[in-house]
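Residue numbers (my numbering): 9 to 215.
Just so you know, even glycine gets a beta-carbon here, dropped at the ideal spot from N, CA and C.
Notes to accompany the following structure.
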Amino acid sequence: MKILLTGFEPFGRWKVNPSEQVIRALAKQARWRTDADLVTEILPTEYVRAGKRIRQLIRRIRPGVVLCLGVAPACRAISLERVALNLDDDPLPDNAGQFRSGRPIVRGGTVAYWSTLPLERLRRVLEKRGIPVTISNHAGAYLCNHVFYLARHEMEPWGDRAPCGFIHLPGPRPRREKSNAIPLHTMVEAIECCLQVLRKHSRGLGR
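This is how it looks when you write it as C-alpha cells:
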C-alpha cells in the first residue's frame, strides 16, 4: 500500500516552509528512506502547478493513504484539518503572482469534502506524546485548502477506505517573540506518528 506525503515550498515572506523541512527530515531517516511504500513530494506554491501535480500523483501512484502538509503561520499546534472547501479566496498571491478571489476550485464540484483521516485517533496519539494538537474546522482558502480539496476530489471514489486529509504545521515565529512554535524535531515526530497510525488504520480498512 502506497502512502503519498506532500508538502510545499516556501512562499510569500516566509523563507522556509516547515512542511518541506519535515518531509526532508523524514527522508533522511533510514526507516523511511528505505520504505518503498512512502512517496514524498514537495509541491510548488502555485495554484495551477500544485493542482495539476497532486492529481497526477494520485492517478499514477493510486495511494492507499494521502497526507498533505502545509504551514499556517498563526497556528500554535499541529492542526488536523476537518474540511476542504471548494473555494480559492485569498489576497496573498501564489509564487507565480496569481491571486484568486471567490473562485471555485472545481466548477460544479462538491461544496466541501470531509477529511477521511481518523482525526480523533490521531489527536489522541499525539496528545499522549505531549505534542500540542488541535482539530481545525477551516483550512483557509489558499494553496493548502486548494490541494486538500483536489486530493479529496481525486480520492472520493474510495471514500473512507482510502484515508486522505491535511495537516497544518505551525510557522516560524519572529525572533523578537518568545516562541511557542513547535520545534522541527517535534513536528517530525508528530508526522511520523501520524504515518504509523494511518498505515495501520488503512490496512484494517481494506480496499
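In DSSP terms, what residue i is bridged to
{"i": "Y121", "result": "A92"}
{"i": "V73", "result": "I11"}
{"i": "I50", "result": "G15"}
{"i": "V141", "result": "I86"}
{"i": "L177", "result": "V79"}
{"i": "C172", "result": "V74"}
{"i": "R108", "result": "D98"}
Burial state of residue i (16 or more Cβ within 10 Å)
{"i": "G91", "result": "Here residue 91 is Val; the residue named in the question, Gly, does not match the sequence. Burial call: buried."}
{"i": "R184", "result": "Confidence at R184 is low in this model, with a pLDDT of 48, below 50, so the placement of that residue should be treated as unreliable; the coordinate-derived value is given next. When all chains shown are included, R184 counts as exposed."}
{"i": "R21", "result": "exposed"}
{"i": "V114", "result": "exposed"}
Coil, strand or helix - residue i by DSSP
{"i": "D45", "result": "coil"}
{"i": "D102", "result": "coil"}
{"i": "F156", "result": "helix"}
{"i": "A82", "result": "coil"}
{"i": "P26", "result": "helix"}
Any non-hydrogen atom of the ligand PLP within 7 Å of residue i CB
{"i": "V119", "result": "This structure does not include the ligand PLP; it has no bound ligands of any sort."}
**OP:** Please determine if the segment 67–74 and the segment 126–139 are in contact, where contact requires at least 3 C-beta pairs separated by less than 8 Å.
**Re:** no
Original post:
Does the segment 112–127 come close enough to the segment 27–35 to have 3 or more Cβ pairs within less than 8 Å?
Top reply: no
Original post:
For the 8 Å Cβ check, are there 3 or more pairs between the segment 147–163 and the segment 192–212?
Top reply: no
**OP:** Taking 8 Å as the threshold, find out whether the segment 143–157 comes into contact with the segment 92–111 through three or more Cβ pairs.
**Re:** yes
Original post:
Quick one: any contact between the segment 82–97 and the segment 133–143, if contact means 3 or more CB pairs under 8 Å?
Top reply: yes
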